Amino acid sequence: PDGTITVDLVRYEDFSTMQWLDGILGDQLEVAAAGYPHRITLDPVAGVATDQRISSARCEFPRIDPCLEGAAHRYIWMAAHSTEASARRGIQDRVIRLDAQTGAEDWVDLGDQTFCSEPVLAAREGGGTWVMSLAYDVQQDASFVAVIDGDRPEDGPLAKVWFEQPIPYTFHGSFLPAGG
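Just so we're aligned: the sequence shown equals residues 108 to 287 in the working numbering.
Next comes the structure, spelled out in structure tokens:
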């Protein structure tokens, strides 16, 4: 109603993230991943943009409920690093739900030595959201899709749908209701 545009994104201080990506490919990580969630507010009338870091979580692949794209939303889901050491190790090891109103964070642990890709959201029949993330379990040398209740991330994955082998990252996608 006030004419501003709000954009939630993961921002990096500079382009050194390419060193991190190169380190993953070369198996020689020397820098930690350093992308953080930001909220940018654009005021086209005043010609002003403001930038606010909204969490200290090192993360990537922000997603919101697709039914709310282009509209006000409360929760942002991301793949995240649980620690500085994790950010130096490579792929993200947690899924996080960030409450954009309060700043509260709900971290979902998918298992020891388990690495995840971006969360993908799908509407749940009767309301609510399913959150899914393709994950790789190092100890099992196999991948699974973690299914999380978007209203209760603190419960952890409600299901792990296993594959017989590792699946390459990542899990870009969108889902429609049956018959949609």
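All residues carry an ideal CB built from backbone N, CA and C; glycine is no exception.
Since this is a predicted model, take the numbers as computed values, not measurements.
Host beta strand (DSSP E) of residue i (start-end)
i, result
"S250", "249-256"
"S240", "236-244"
"P264", "264-269"
"F168", "165-170"
"P144", "142-150"
"E120", "Looking at the DSSP string, E120 is not in any beta strand (DSSP E), and its letter there is neither H nor E."
"Q159", "155-160"
"G203", "Reading off the sequence shown, one finds Ile at residue 203, where the question assumed Gly. Run containing I203: 201-206, per the beta strand (DSSP E) assignment."
Nearest to residue i (by Cα), restricted to the options the options
i, options, result
"C223", "R201, P151, W214, I147", "R201"
"D172", "A164, C166, R165, R181", "R181"
"D121", "V155, A139, V238, Q247", "A139"
"I288", "E167, G177, W214", "With the chain covering 108 to 287 only, the question about residue 288 has no answer from this structure."
"A249", "E232, K267, I255, G233", "K267"
"E191", "L265, I274, A164", "A164"
Alpha-carbon to alpha-carbon, residue j and residue i
i, j, result
"A179", "V114", "10 Å"
"G288", "C174", "Because the chain is modelled from 108 through 287, residue 288 falls outside the range shown and cannot be assessed."
"R259", "I203", "12 Å"
"F270", "F251", "6 Å"
"R196", "G210", "26 Å"
"L116", "S193", "21 Å"
"Q272", "Y243", "9 Å"
"A156", "D150", "6 Å"
"T148", "R118", "14 Å"
"G177", "R231", "20 Å"
"P144", "I112", "17 Å"
"D216", "A253", "10 Å"
"Y276", "A153", "42 Å"
"Q246", "W214", "21 Å"
"V238", "G110", "31 Å"
Under 8 Å between C-beta atoms of residue i and residue j
i, j, result
"R146", "A207", "yes"
"S162", "L205", "yes"
For residue j and residue i, believed in contact at Cβ under 8 Å, the rounded distance
i, j, result
"T236", "G218", "No, T236 and G218 are not in contact; Cβ-Cβ is about 22 Å, not under 8 Å."
"E225", "A186", "5 Å"
"R170", "V227", "7 Å"
"L265", "I274", "In fact, because the Cβ distance is near 20 Å, the residues do not count as touching under 8 Å."
First through last residue of the alpha helix (DSSP H) which encompasses residue i
i, result
"R231", "No alpha helix (DSSP H) contains R231, which DSSP labels as neither H nor E."
"E191", "191-196"
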